Amino acid sequence: MFINMSWKGNLAFEAETESWHRILLDAKREVGGEDKGPRPMEVLLVSLAGCTAMDVASILKKKRVNLQDMTVKIDAKQALQHPKYFTKIDVEFNFVGKDIKEEDVKQAIELSKDKYCSVSVMLKEKAEISYRWNIVNL
Numbered sequence: 002m003f004i005n006m007s008w009k010g011n012l013a014f015e016a017e018t019e020s021w022h023r024i025l026l027d028a029k030r031e032v033g034g035e036d037k038g039p040r041p042m043e044v045l046l047v048s049l050a051g052c053t054a055m056d057v058a059s060i061l062k063k064k065r066v067n068l069q070d071m072t073v074k075i076d077a078k079q080a081l082q083h084p085k086y087f088t089k090i091d092v093e094f095n096f097v098g099k100d101i102k103e104e105d106v107k108q109a110i111e112l113s114k115d116k117y118c119s120v121s122v123m124l125k126e127k128a129e130i131s132y133r134w135n136i137v138n139l
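Residue numbers for the sequence shown, in our numbering: 2 to 139.
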């Protein structure tokens, strides 16, 4: 896997991924950026949410769960001193569907966090990651 990063002036950089997608990163104004895009640590949380959400959706699909909507919210705390790595990450899933079973959701999340999501496996080396979920059956 590879990316190319190019400077766009000041503290803004554009990443081009191996799959030809582009992401503009920038710093907040308080530290000299122009706020043209998300910060790298925000993108890291997006990567965690995306990785685990894709795993969970795929696992639930294989279990033939009638999932109609799913959201993932993450709240994270960073160390106060540099490097300001994540120390605590709370991941909240919200599922909407028909006849969604608690045990199917729990198993899907556990498989993602422990086996399939490479982002969570890397992050849990430094951060305490907790998972919770809500199910709304229609």
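From the three backbone atoms N, C-alpha and C, an ideal C-beta is built for every residue, glycine too.
Computed from a predicted model, the values in this text were never measured in an experiment.
- Glu129 and Val66 have their C-alpha atoms roughly 29 angstroms apart.
- Counted as a single uninterrupted DSSP element, the stretch harbouring Asp115 is not any beta strand (DSSP E), since DSSP gives it neither H nor E.
- For Ile60, the secondary structure class from DSSP, reduced to helix, strand or coil, is helix.
- Distance from Asp27 to Ala13 at the Cβ level is roughly 4 angstroms; contact confirmed, criterion being Cβ atoms closer than 8 angstroms.
- Partner residues in the beta bridge of Gly98, as assigned by DSSP, are Leu68 and Asn138.
- Residue environment for Gly33: exposed (fewer than 16 other C-beta atoms within 10 angstroms of its C-beta).
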